[in-house]
Amino acid sequence: MYLTTLSGTQGVPNGLLAAMFEARKRIFVDLLGWDVPVVAGRFEVDQFDDPHAVYLIISDEAGKHLGSARLLETERPHILDTLFPELCEGAVPKGPTTREITRFALDPRQNARQRRRVRDTLVCALANHALANGIEAYTGVAEIAWLQQILAFGWHCEPLGLPRENGATLLGALRIAITSETPTLLVRAELVPEPVVTPRPVRDAA
Amino acid sequence: MRTMSGLFIAREFFGLARQASTNADLMQALACVSISMGFDYFALTHHVDFAAAGHAAVRLHNYPDDWVAWFDARRLGVSDPVHRASQATSIGFTWQRVPELIRLTPVDRHVLDCARERGIGDGFTVPAHVPGEATGSCSFAVATGRCVPFDNLPLAQLTGAFAFEAARRINGTRSLDAQAPTLTERQRDCVLWMARGKTDWEIARILGLSQETVTQHLKQARERYDVPKRSVLAVRALFDGLISFSDIFRR
Numbered sequence: 131m132y133l134t135t136l137s138g139t140q141g142v143p144n145g146l147l148a149a150m151f152e153a154r155k156r157i158f159v160d161l162l163g164w165d166v167p168v169v170a171g172r173f174e175v176d177q178f179d180d181p182h183a184v185y186l187i188i189s190d191e192a193g194k195h196l197g198s199a200r201l202l203e204t205e206r207p208h209i210l211d212t213l214f215p216e217l218c219e220g221a222v223p224k225g226p227t228t229r230e231i232t233r234f235a236l237d238p239r240q241n242a243r244q245r246r247r248v249r250d251t252l253v254c255a256l257a258n259h260a261l262a263n264g265i266e267a268y269t270g271v272a273e274i275a276w277l278q279q280i281l282a283f284g285w286h287c288e289p290l291g292l293p294r295e296n297g298a299t300l301l302g303a304l305r306i307a308i309t310s311e312t313p314t315l316l317v318r319a320e321l322v323p324e325p326v327v328t329p330r331p332v333r334d335a336a
Numbered sequence: 135m136r137t138m139s140g141l142f143i144a145r146e147f148f149g150l151a152r153q154a155s156t157n158a159d160l161m162q163a164l165a166c167v168s169i170s171m172g173f174d175y176f177a178l179t180h181h182v183d184f185a186a187a188g189h190a191a192v193r194l195h196n197y198p199d200d201w202v203a204w205f206d207a208r209r210l211g212v213s214d215p216v217h218r219a220s221q222a223t224s225i226g227f228t229w230q231r232v233p234e235l236i237r238l239t240p241v242d243r244h245v246l247d248c249a250r251e252r253g254i255g256d257g258f259t260v261p262a263h264v265p266g267e268a269t270g271s272c273s274f275a276v277a278t279g280r281c282v283p284f285d286n287l288p289l290a291q292l293t294g295a296f297a298f299e300a301a302r303r304i305n306g307t308r309s310l311d312a313q314a315p316t317l318t319e320r321q322r323d324c325v326l327w328m329a330r331g332k333t334d335w336e337i338a339r340i341l342g343l344s345q346e347t348v349t350q351h352l353k354q355a356r357e358r359y360d361v362p363k364r365s366v367l368a369v370r371a372l373f374d375g376l377i378s379f380s381d382i383f384r385r
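Here it is as structure tokens:
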């Protein structure tokens with residue numbers, strides 16, 4: 131599997147970002163029925179997909195999107211403080227070493243076992259990304275079934291408030307502390323990440 | 135004030151459940167949190183027949199003994215109406231809502247009546263669905279005549295979800311069977327349409343394949359799973375999460 135880390139300011143050299151926005155449309159709009167904007171009928175892109183956003187994208191050797199997540203700076207407007215502040219009982223966690231994980235997406239064209247491999251790989255990649263970039267905590271808003279999975283990853287997470295009804299489902303907010311111990315905790319929880327290759331820039335490939 | 139203390143209770147329980155290394159530790163934590171939330175009983179369980187031997191399934195509870203004996207004698211682990219209802223939702227539900235989730239049979243009503251007679255009144259159940267494992271749930275219940283603490287249901291949802299994960303960790307039930315067979319994308323598509331009730335000819339038309347190819351895909355899928363019948367193949371693929379109920383019923 132390939133892991134590509136892009137920030138919103140870097141262009142789209144290989145179409146991977148576009149592939150991710152298309153996958154997000156299939157997942158969040160077509161499958162989960164979220165009421166979020168769709169651009170050109172194909173891409174799910176919202177107001178937080180700006181130059182400050184950072185994306186972790188897992189793809190196969192052919193460049194097909196397998197899974198991705200978006201990280202938002204918490205000192206700027208993000209999902210928790212803009213859309214769901216009521217999910218936090220105290221103040222919304224903000225700071226230079228706190229990022230919000232949003233749009234965690236697993237491509238539905240895979241079967242459950244493949245999705246699980248990509249999920250594990252992406253979760254471990256998020257932990258490694260934090261450790262490599264001085265990020266000490268992630269926050270996130272999750273629908274209850276997904277929240278239950280996040281709790282099961284064995285890492286150190288705390289609810290920021292009690293879950294609340296949102297339409298037909300329940301939403302909750304979490305804070306996940308990332309320390310040097312986190313990768314060990316994830317492995318102990320039996321996450322099995324695949325080895326990832328970080329693609330070189332295209333010009334080096336020639 | 136109530137919600138403030140709710141979050142505090144949740145965090146305290148998370149701490150205890152995270153540190154729990156045995157089922158006894160977890161049961162103690164569950165007993166404490168049940169009382170804090172205003173419940174009398176808890177039951178964390180995989181939905182299997184506990185009278186049948188050889189199951190590496192989890193069941194932790196503090197229900198009255200005679201209720202459990204009654205329950206097991208009737209092998210209700212699989213058919214219990216609350217367990218069945220929890221297959222129909224991913225969100226916690228009070229038992230009063232069970233008739234909205236599944237159609238109750240006269241036997242189901244009898245089960246609920248008997249629970250009440252044996253001291254278990256209303257309850258709240260948090261479902262847990264993990265592909266490749268038996269489904270399960272974590273329930274909190276009140277004694278007959280008492281009221282479910284409605285204000286604390288979001289808290290019960292959170293603690294139930296975390297408790298189930300802690301139980302899976304402690305009991306080592308969470309690894310997917312690495313030996314489980316996998317299907318090709320085409321085989322999976324054919325299994326999905328077969329589970330939707332389509333004939334090979336119909337599947338061939340839908341997927342743009344020849345009828346022989348469809349028949350071959352389904353034969354190979356059965357071989358991979360080493361199952362003799364297509365119906366068993368569909369059930370196995372569902373259990374492993376290769377296909378899901380929503381795949382089958384969503385058009």
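Chains as they are written, first to last, in the numbering used here: chain A, 131 to 336; chain B, 135 to 385. For glycine and all other residues, C-beta sits at the position ideal for the given N, C-alpha and C.
- Counting only Cβ-Cβ distances below 8 Å, Pro283(B) has no contacts in chain A at all, with the closest Cβ about 13 Å away.
- Annotation: the region 272-316 of chain B contains the following complete segments of the alpha helix (DSSP H) (minimum length 4 residues), in chain order: 287-305.
- If you keep only unbroken beta strand (DSSP E) runs of at least 3 residues inside the region 185-264 of chain A, you get 195-203, 228-236.
- In its chain, beyond the 5 residues on either side, Ile274, Pro293 have a beta carbon closer than 6 Å to the beta carbon of Leu300(A).
- Per DSSP, Val369(B) lies in no beta strand (DSSP E); the unbroken alpha helix (DSSP H) holding it starts and ends at 364-373.
- Contact of Phe173(B) with chain A is not assigned, every C-beta pair being separated by 9 Å or more.
- The beta-bridge partner set that DSSP reports for Val169(A) consists of Phe173(A).
- When the alpha-carbon of Asp214(B) is set against those of Arg243(B), Gln345(B), Leu292(B), the nearest one is in Arg243(B).
- Glu299(B) counts as buried, since no fewer than 16 other beta carbons sit within 10 angstroms of its beta carbon.
- Within the region 238-256 of chain A, the residues whose Cβ lies closer than 9 Å to any Cβ of chain B are, in chain order, Arg239, Gln240, Asn241, Ala242, Arg243, Gln244, Arg245, Arg246.
- Per the C-alpha coordinates, the member of Ile188(A), Ala153(A), Asp190(A), Glu191(A) positioned closest to Val175(A) is Ala153(A).
- Under the three-state reduction of DSSP output, Ile306(A) falls in the strand class.
- The C-beta distance from Arg233(A) to Arg200(A) rounds to 4 Å, short enough to meet the 8 Å contact threshold.
- DSSP places Thr269(A) in the strand class (E or B) of the three-state scheme.
- Sequence-distant Cβ neighbours of Val248(A) in its own chain, meaning closer than 6 Å and more than five residues away, are Ile188, Leu196, Gly197, Leu236.
- According to the DSSP assignment, Phe258(B) belongs to no alpha helix (DSSP H) but to the beta strand (DSSP E) extending over 254-262.
- Under the DSSP assignment, Leu146(A) falls in the alpha helix (DSSP H) whose first and last residues are 146-154.
- In the three-state scheme derived from DSSP, where H, G and I count as helix and E and B as strand, Arg330(B) is classed as coil.
- In the DSSP annotation of this structure, the continuous segment of the beta strand (DSSP E) that includes Pro289(A) starts and ends at 286-289.
- Ala260(A) counts as buried, since no fewer than 16 other beta carbons sit within 10 angstroms of its beta carbon.
- Its chain contains Phe158, Val159, Glu174, Asp176 as the residues whose beta carbon lies nearer than 8 Å to that of Val166(A), once the 5 sequence neighbours on both sides are disregarded; these appear in chain order.
- By the 16-neighbour rule on beta-carbons within 10 angstroms, Gly225(A) is exposed.
- Contacts with chain A at 9 Å (Cβ-Cβ) include Asp374(B).
- Our two residues, Phe173(B) and Ala277(B), have alpha carbons roughly 8 Å apart in a direct line.
- A distance below 8 Å between beta-carbons, with the five flanking residues on each side excluded, links Ala282(A) to the following residues of its chain, in chain order: Ala319.
- Within chain A, the residues whose beta carbon sits less than 8 Å from that of Glu299(B) are Gln278, Leu281, Ala282, listed in sequence order.
- As the crow flies, the alpha-carbon of Arg250(B) is around 20 Å from that of Leu194(B).
- Contact of Ile308(A) with chain B is not assigned, every C-beta pair being separated by 9 Å or more.
- Counting the other CB atoms within 10 Å of its CB gives Cys287(A) a total of 16 or more, which places it among the buried residues.
- For Ala177(B), the enclosing beta strand (DSSP E) begins and ends at 175-180.
- In this model, Thr251(A) and Arg208(B) are separated by some 44 Å (Cα to Cα).
- Annotation: Glu311(A) is outside any beta strand (DSSP E) and is labelled neither H nor E by DSSP.
- Sequence-ordered contacts of the region 293-304 of chain A with chain B read Pro293, Arg294, Glu295, Ala298, Thr299, Leu300, Gly302 [C-beta pairs closer than 9 Å].
- Under the Cβ distance rule, Ile274(A) counts among the residues neighbouring chain B, one pair being separated by less than 9 Å.
- Close to chain B, meaning a Cβ-Cβ distance shorter than 9 Å, are the following residues of the region 218-236 of chain A: Glu219, Gly220.
- Proximity of the region 320-329 of chain B to the region 364-375 of chain B meets the contact definition, three or more beta-carbon pairs being nearer than 8 Å.
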